[in-house]
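So the structure is just underneath, and the comments pick up after that.
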Amino acid sequence: MRILATVLALSAAVGPTVFAQPAPGGGAAVPTLAGTPPASPSPDSPVDNPLQVPDVSRVFPAATTREGVTATLKIFVIMTVLTLAPAILMMTTSFTRILIVLAMLRQALGVQQLPPSQVLVGISLFLTFLVMAPTYQRIHAEAIQPWLDNAPGMTQAAALDIATRHLRDFMFNQIERTKNEEDIYLFLEYSRKAPIPANQRIVRQDVGTEVLIPAFILSELKTSFVLGFRIYLPFLVIDMVIATVLISMGMLMLPPVLISLPFMRLLFVLADGWHLVVGSLLAGFA
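Next up, the structure:
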């Protein structure tokens, strides 16, 4: 008991204990009293950022005024459009038809992984660039370049209108070439909430872009499945012939696929199938 009383008396005589607290900026330790919370950093002091995340608050205008809110919303809309731009461009070009036909060709050959999906997408992209090159060249010559050169009367809205007009012409031409005008009437009647009279003639100016794009996508899906069926047909004939031969020979336990797959691939190679398929795809957009 005497020892405990002596220790308590000495601790009371020394006074409050001093502990070292780390500095906010990572510098030398700052001594503070025991039980006293460290002082909060001032607004002007640097804030800890261990992950080194860039501060983008200076990029966006302050949303404290009406102009600031409008500018911020415009930035977010532009970022959203840029995110959806690849999908929009793919849906308004020849990419959909080319990719579906090549994928159905791979299934018809009975090879699920050859060529790989990345190869099919790459071929479809480069064929799309080739097909869309004339349209994009006109857009660049009549819309983008004059707008970059600050041509008189060439505003951003005018350039966008010219570019949209050329894309609309491409989509209209493909719909008319494949005889799928009924798809336009389908979506046009839905947008108007009323049937179109049989004697009413619809011109291109009457069809909005929001109606034209889904009509074009539906037309491309129908056309690609028709082309895919034409690709499937010769391979289906080979399957039926080989199955008939095996049954006539009494080889019921032998799967016809084991015999037909090599013959199908041999026929495809001997007929230069890749050249024929890609050539027919390009001829459909000529």
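Each step along the sequence shown adds one to the number in our numbering, with nothing skipped, and position 29 is 53. The beta-carbon is built from N, C-alpha and C at its ideal position, and this holds for glycine as well.
* Going straight from the alpha carbon of residue 149 to that of residue 222, what length do you get? -> For the purposes of this step, residue 149 is identified with residue 125 of the sequence shown, where counting begins at 1. For the purposes of this step, residue 222 is identified with residue 198 of the sequence shown, where counting begins at 1. Their backbone Cα atoms lie some 40 Å apart in a straight line.
* Note down, one range per segment and in chain order, each alpha helix (DSSP H) of at least 4 residues found wholly within the segment 129–206. => 141–163, 169–172, 180–201
* Limits of the unbroken alpha helix (DSSP H) element including residue 307 -> Mapped onto the sequence shown, residue 307 falls at position 283. That run of the alpha helix (DSSP H) goes 297–308.
* To do: Measuring alpha carbon to alpha carbon, tell me which of 201, 170, 127 ends up nearest residue 255.
  => The residue given as residue 255 occupies position 231 in the sequence shown. Answer by Cα proximity: 127.
* Asked: Can you round the beta-carbon distance between residue 262 and residue 248 to whole angstroms, since I take them to be within the 8 Å contact cut?
  -> By 1-based counting over the sequence shown, the position of residue 262 is 238. By 1-based counting over the sequence shown, the position of residue 248 is 224. So it is not a contact: roughly 23 Å between Cβ atoms.
* To do: Would you decide whether residue 192 is buried or exposed? Buried here means 16 or more other CB atoms lie within 10 Å of its CB.
  => Here residue 192 refers to the residue found at position 168 of the sequence shown. When all chains shown are included, residue 192 counts as buried.
* Asked: residue 209 to residue 155, Cα distance in whole Å?
  -> Taking the sequence shown and counting its residues from 1, the one referred to as residue 209 is at position 185. Taking the sequence shown and counting its residues from 1, the one referred to as residue 155 is at position 131. So the two alpha carbons sit approximately 26 Å from each other.
* Residue from 286, 243, 227, 305 with nearest C-alpha to residue 135 -> As a position in the sequence shown, residue 135 is number 111, starting the count at 1. If we check each option's Cα against that of residue 135, 286 comes out closest.
* For residue 163, collect the residues of the same chain with a Cβ closer than 8 Å to its Cβ; drop the 5 residues on either side in sequence, then sort them by chain order. => For the purposes of this step, residue 163 is taken as residue 139 along the sequence shown, with counting starting at 1. Hits under 8 Å: 186, 187, 190, 191.
* To do: Would you decide whether residue 121 is buried or exposed? Buried here means 16 or more other CB atoms lie within 10 Å of its CB.
  => Residue 121 sits at position 97 when you count from the first residue of the sequence shown. With 16 or more other Cβ atoms within 10 Å, it is buried.
* Asked: Could you give the distance in angstroms between the alpha-carbon of residue 141 and the alpha-carbon of residue 119?
  -> Here residue 141 corresponds to residue number 117 of the sequence shown, with the count starting at 1. Here residue 119 corresponds to residue number 95 of the sequence shown, with the count starting at 1. Residue 141 and residue 119: Cα-Cα distance of roughly 14 Å.
* Who are the near neighbours of residue 66 in its chain, counting only those whose CB is closer than 7 Å to its CB and skipping five residues on each side? -> In the sequence shown, the residue the question calls residue 66 occupies position 42. For residue 66, the predicted model reports a pLDDT of 49, less than 50, meaning its position is unreliable; a value from the coordinates is still stated below. None.
* To do: Quick one: using the 10 Å Cβ neighbour count with 16 as the cut-off for buried, is residue 211 buried or exposed?
  => As a working note, residue 211 is residue 187 in the sequence shown. Flag for residue 211 reads buried.
* Determine the direct distance from the alpha carbon of residue 231 to that of residue 131, and round the result to whole angstroms. => In the sequence shown, residue 131 corresponds to position 107, counting from 1. In the sequence shown, residue 231 corresponds to position 207, counting from 1. Their backbone Cα atoms lie some 37 Å apart in a straight line.
* To do: Find the nearest neighbour of residue 133 within the set 297, 308, 302, judged by alpha-carbon distance.
  => The sequence position of residue 133 within the sequence shown is 109, counting from 1. If we check each option's Cα against that of residue 133, 297 comes out closest.
* To do: State the DSSP-derived secondary structure class of residue 229, mapped to helix, strand or coil.
  => As a working note, residue 229 is residue 205 in the sequence shown. In the structure shown, residue 229 sits in a helix (DSSP, three-state: H, G or I).
* Could you give the distance in angstroms between the alpha-carbon of residue 225 and the alpha-carbon of residue 102? -> The residue given as residue 225 occupies position 201 in the sequence shown. The residue given as residue 102 occupies position 78 in the sequence shown. Rounded to whole angstroms, residue 225 to residue 102 spans 37 Å at the Cα level.
* Rounded C-beta distance between residue 301 and residue 145? I'm assuming under 8 Å. -> Position 277 of the sequence shown, counting from 1, holds the residue named residue 301. Position 121 of the sequence shown, counting from 1, holds the residue named residue 145. Wrong, their Cβ atoms sit about 16 Å apart, outside the cutoff.
* Go ahead and pull the three-state DSSP assignment for residue 115. => Taking the first residue of the sequence shown as position 1, residue 115 is located at position 91. DSSP places residue 115 in helix when its eight states are reduced to three.
* Taking the C-alpha atoms as reference points, what is the distance between residue 250 and residue 218? -> Counting from one through the sequence shown, the residue named residue 250 turns up at place 226. Counting from one through the sequence shown, the residue named residue 218 turns up at place 194. Whole-angstrom Cα-Cα distance: 30 Å.
* **Selection from 206, 260, 266, 282 that minimises the alpha carbon distance to residue 235** => Working through the sequence shown from its first residue, we reach residue 235 at position 211. Selected option, being the one with the closest Cα: 206.
* Asked: Sorted by chain position, which residues of the same chain lie with C-beta nearer than 6 Å to residue 183's C-beta, five sequence neighbours on each side aside?
  -> Start at 1 with the first residue of the sequence shown, and residue 183 comes out as number 159. So the qualifying residues of the chain are 167, 171.
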